[in-house]
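All the letters of the sequence shown, read from the start, carry residue numbers -18 to -1, 1 to 139 under mature numbering (1 follows the signal peptide of the UniProt record, and there is no 0).
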Amino acid sequence: MFSTPLCLLTALAALATASPLQRRTGGPAINSPAANSVIMPGQDFDFSYQNMGDYGRSSYNLTVWLFSSELGAFTSGSDTVATGHYFGRFPLKNGAVPTTLTMPDLSVNPGDFGEGQSASNATMYIAVFEEWADWDGSLGEKVAFASTPIIYNGTST
Ligand SMILES: *[C@@H]1O[C@H](CO)[C@@H](O)[C@H](O)[C@H]1NC(C)=O
Ligand SMILES: *[C@@H]1O[C@H](CO)[C@@H](O)[C@H](O)[C@H]1NC(C)=O
Ligand SMILES: *[C@@H]1O[C@H](CO)[C@@H](O)[C@H](O)[C@H]1NC(C)=O
């Protein structure tokens, strides 16, 4: 599922370093949670994402995930590219992006054959894929990506 967006993202990241485009909004960036925030299972935490939307640019939807590792290059057929949790796909229009998210308890069994796992003080990553587009035609929306590390079930705050 990620192989195509990631090729695109690699290309976008290469463009981003050279292009003034990225500097207009400061996005894509995660403002909250702050890097290395301690977030406990079941805890509500502030979520704020700086999107690509601006004059001449439209932001559509965000997809928000929690991953156990930073995303790298994926190979088709990988059975586990990361472990984590899907928070949802949220439209940027009409203030529909939640300002708080709830950290799941990953020790809870997801059902059937699945089994959760306990962890303490684990570095995980809140990751956002943003679908956006501008006057430059694109084959579908452009996909921006940002992620930030957090400490899941930290032992001190
Ligand atoms: C945004 O997401 C909604 C709901 O999933 C979908 O109906 C809509 O087509 C999406 N917008 C774009 C531009 O992809
Ligand atoms: C959180 O960490 C504590 C140890 O600090 C551990 O006992 C507990 O099982 C962990 N909880 C989860 C949900 O992993
Ligand atoms: C939790 O992780 C932080 C950052 O890696 C580390 O400084 C701290 O000592 C760890 N705490 C425990 C109790 O292991």
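Quick reminder that beta carbons are idealized off the backbone N, C-alpha and C, glycines included. Remember, predicted model here, so these are calculated numbers, not experimental data.
{"Item": "According to the neighbour-count rule (16 or more other Cβ atoms, all chains shown, within 10 Å of its Cβ), is Y15 buried or exposed?", "Value": "In the sequence as displayed, the identity of residue 15 is Pro instead of Tyr. Buried, because 16 or more other Cβ atoms sit within 10 Å of the Cβ of P15."}
{"Item": "What separation, rounded to the nearest whole angstrom, lies between the Cα atoms of S50 and L83?", "Value": "17 Å"}
{"Item": "So what does DSSP say about G70, is it helix, strand or coil?", "Value": "strand"}
{"Item": "Please list the terminal residues of the continuous beta strand (DSSP E) segment that includes F127.", "Value": "K124 to Y134"}
{"Item": "So, at 7 Å on beta carbons, what are the nonlocal neighbours of T102 in its own chain, with the 5 sequence-adjacent residues on each side left out?", "Value": "According to the sequence provided, residue 102 is Ser. The question's Thr does not apply to it. These residues qualify, in order along the chain: N135 and T137."}
{"Item": "Ligand 1 heavy atoms versus the CB of P73: any closer than 8 Å?", "Value": "yes"}
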